[in-house]
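A.B. asks:
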Amino acid sequence: AMHERRYLLHLLFFICFATLFEGYDLLIINLALPYLGTDFGADSQTLGAAVGIINIGTIMAFIPVRLADRYGRRAMFLGAIAGYTIFTILSAFSIGLYDFVAYQFIARMFMVTEIGLGAIILTEEMPARYRGAAVTLMFAASLSGGVLGSAVFPYLVDTELSWRMLYLIGGVMVVMLAI
Numbered sequence: 003a004m005h006e007r008r009y010l011l012h013l014l015f016f017i018c019f020a021t022l023f024e025g026y027d028l029l030i031i032n033l034a035l036p037y038l039g040t041d042f043g044a045d046s047q048t049l050g051a052a053v054g055i056i057n058i059g060t061i062m063a064f065i066p067v068r069l070a071d072r073y074g075r076r077a078m079f080l081g082a083i084a085g086y087t088i089f090t091i092l093s094a095f096s097i098g099l100y101d102f103v104a105y106q107f108i109a110r111m112f113m114v115t116e117i118g119l120g121a122i123i124l125t126e127e128m129p130a131r132y133r134g135a136a137v138t139l140m141f142a143a144s145l146s147g148g149v150l151g152s153a154v155f156p157y158l159v160d161t162e163l164s165w166r167m168l169y170l171i172g173g174v175m176v177v178m179l180a181i
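Counting in the numbering used here, the sequence shown runs from 3 upward without gaps.
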């Protein structure tokens with residue numbers, strides 16, 4: 003029972019930590035946009051279209067979520083974390099708006115996969131009486147990630163890397179989680 007409790011706490015912490023960065027990533031695009039526009043010479047209409055395309059990535063998450071039934075939820079969950087980490091870091095190295103949108107589209111797909119599978123895994127693994135609290139905590143972690151993004155934004159965007167620093171930090175933190 004003790005062993006199982008430790009496993010469940012680790013699982014909850016891991017999923018919440020991964021979801022914290024999902025929330026962070028979701029928010030920073032709104033903060034980074036004006037800086038992106040300046041860097042890439044894009045007007046607000048172009049940036050609006052870019053965000054619209056990235057948001058379609060949300061809908062695309064149904065593909066990896068469906069694959070989880072075939073390849074296992076744990077594998078797809080970890081794959082989703084790896085995926086959004088890689089594409090968040092790649093976003094920091096974008097050379098223009100096109101590749102930024104492509105990286106963010108894929109990152110968004112993986113982020114939504116992460117939160118969807120995280121909720122499913124917690125629902126399946128947690129004892130019934132903790133299930134609701136665990137899933138609520140996961141969504142709270144997502145909101146906290148957004149708060150964290152808002153808090154660190156002025157400091158990160160003020161660095162030499164400007165908006166790119168936001169994506170670099172977002173990716174690097176998840177790499178530390180994996181270790």
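Built from N, CA and C at the ideal position, the CB exists for glycine as well.
All values derive from a computational prediction rather than experimental measurement.
Under the three-state reduction of DSSP, which class applies to G43: helix, strand or coil?
C.D. replies: Reduced to three states, the DSSP call for G43 is coil.
A.B. asks: Ignoring anything shorter than 3 residues or poking outside the stretch 58-131, list the beta strand (DSSP E) runs there in chain order.
C.D. replies: As far as the stretch 58-131 is concerned, it has no whole beta strand (DSSP E) run of at least 3 residues.
A.B. asks: State the CB to CB distance for the pair E24 and S144, rounded to an integer number of angstroms; the pair is presumed to be in contact (CB under 8 Å).
C.D. replies: At roughly 6 Å, the Cβ-Cβ gap stays under 8 Å, so E24 and S144 are in contact.
A.B. asks: Does the beta-carbon of D71 have 16 or more other beta-carbons within 10 angstroms, so that it is buried, or is it exposed?
C.D. replies: Flag for D71 reads exposed.
A.B. asks: May I ask you to report which of helix, strand or coil DSSP gives S164?
C.D. replies: Reduced to three states, the DSSP call for S164 is coil.
A.B. asks: Report back the beta-carbon spacing between F79 and E126 to the nearest angstrom; my notes put them in contact at under 8 Å.
C.D. replies: Not a contact, Cβ separation roughly 12 Å.
A.B. asks: Taking the Cβ atom as the reference point for each residue, do L170 and A104 lie within a distance shorter than 7 Å?
C.D. replies: Against a cut-off of 7 Å, the Cβ pair of A104 and L170 comes out as no contact.
A.B. asks: Measure the C-alpha to C-alpha separation of M4 and T90 and round it to an integer number of angstroms.
C.D. replies: In a straight line, the C-alpha of M4 is about 37 Å away from that of T90.
A.B. asks: Could you tell me whether the Cβ atoms of A136 and L14 are closer together than 7 Å?
C.D. replies: Yes.
A.B. asks: Between G81 and Y37, what straight-line distance do the alpha-carbon atoms span, to the nearest angstrom?
C.D. replies: Their Cα atoms are separated by approximately 30 Å.
A.B. asks: State the Cα-Cα distance for the pair D101 and I56, rounded to the nearest angstrom.
C.D. replies: Each residue's alpha carbon lies about 11 Å from the other.
A.B. asks: Verify whether the separation of the beta carbon atoms of I83 and A20 is less than 7 Å.
C.D. replies: Yes.
A.B. asks: Quick check on DSSP: helix, strand or coil for A3?
C.D. replies: Correct three-state label for A3: coil.
A.B. asks: Could you tell me which of G85, G59, G50, L29 sits nearest to L99, measuring between CA atoms?
C.D. replies: Looking at the Cα atoms, G50 is the closest of the given residues.
A.B. asks: Under the rule that 16 or more other beta-carbon atoms within 10 Å means buried, what is D27, buried or exposed?
C.D. replies: That one is buried.
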